[in-house]
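Be aware that the sequence shown starts at -1, since it is given in this note's numbering, and climbs by one per residue.
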Amino acid sequence: MSSPAPLSFTIPDLVSYCEFPLRINADLCEAASLEWITSACKFSEKQKRTASRMKLGTLAAMVYPDCELPDLRVCTDFMHYLFYTDDLTDAMTMDEAIRVKETIIDVLRHQYHYIEQVEAGKTSTLVNVTHDLGTRMLPKSSLYLKARLIQSLATYLEAVCQHCALRSRRASVPTIEEYILLRREEGGVRPCFALVESVNSLDLPDEIFTHPVFHDLENAANDMIVWSNVRSSSAWDTSLLIVYIRFSCQVAT
């Protein structure tokens, strides 16, 4: 009896489908945002070089082309903050990552409880930078938008914790479908989507965000961004390699 043919799937060149002209915000704040994150988080020289190469200021200017400079600065800082949290948890155990997640969400939900501690210098770097960003990112948002922003960040951090569990072998190897769902949240794209509403002075009802069509469109855009990033990455994600090996997959790009 012949062995079954190996599974295979193709990661397409999603970027080539983007035929409309790209727009970019004229107000760039790369240098100021880099100075903020590297100083506030006490980056090593290696971290500084990595953050600089990512050019998140340019990315933010392309993602949020219409917002004013103060809002663009918040968006750029937020992207640098996502890089910081990803780097912070990269070598952590699942339990350590869970504590990071709980700290971040608690600071964002109860900002006023932390004011005196932060001003007195009695808080950690994580609390300080989260509180600083939260005080600039959330006040402009409606209660519904605040809830969506915090929830999207919580979902991202939960996926990061799950990745830590996989890395430390405290979770079973995911199926392809499970990996796709994990990568969709772990990419950090959904919180950036939530900021679109805030920086463009929109206040959309929850009925829009819970509508199946909107949900599918958001997931499609999310997948296109995440998988384009995976495809162009010089270092393939460890979890994805595990999926390839477990299911004897062949990948075409």
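Note that beta-carbon positions come from the ideal geometry of N, C-alpha and C, so glycine has one too.
Taking a contact to require three or more Cβ pairs closer than 8 Å, the stretch 29 to 38 and the stretch 65 to 83 qualify as touching.
If the five residues before and after residue 112 are omitted, its C-beta is found closer than 7 Å to the C-beta atoms of 105, 121, 125, 129, all from its own chain and listed in chain order. The DSSP assignment places complete alpha helix (DSSP H) segments of no fewer than 4 residues inside the stretch 71 to 146 at 92 to 107, 109 to 117, 123 to 135, in order along the chain.
Assignment of residue 37 by DSSP, reduced to helix, strand and coil, places it in the helix class. A direct Cα-Cα distance of roughly 19 Å separates residue 210 from residue 189. In the three-state scheme derived from DSSP, where H, G and I count as helix and E and B as strand, residue 173 is classed as coil. The C-beta distance from residue 197 to residue 62 rounds to 6 Å, short enough to fall under 8 Å. In this structure, DSSP gives residue 227 a helical state, which the three-state scheme calls helix. Residue 194 has its alpha-carbon roughly 14 Å from the corresponding atom of residue 23. When C-beta atoms of the stretch 50 to 69 are compared with those of the stretch 94 to 103, fewer than three pairs fall below 8 Å, so the two segments do not count as touching. When rounded, the separation of the alpha-carbon atoms in residue 202 and residue 148 is 16 Å.
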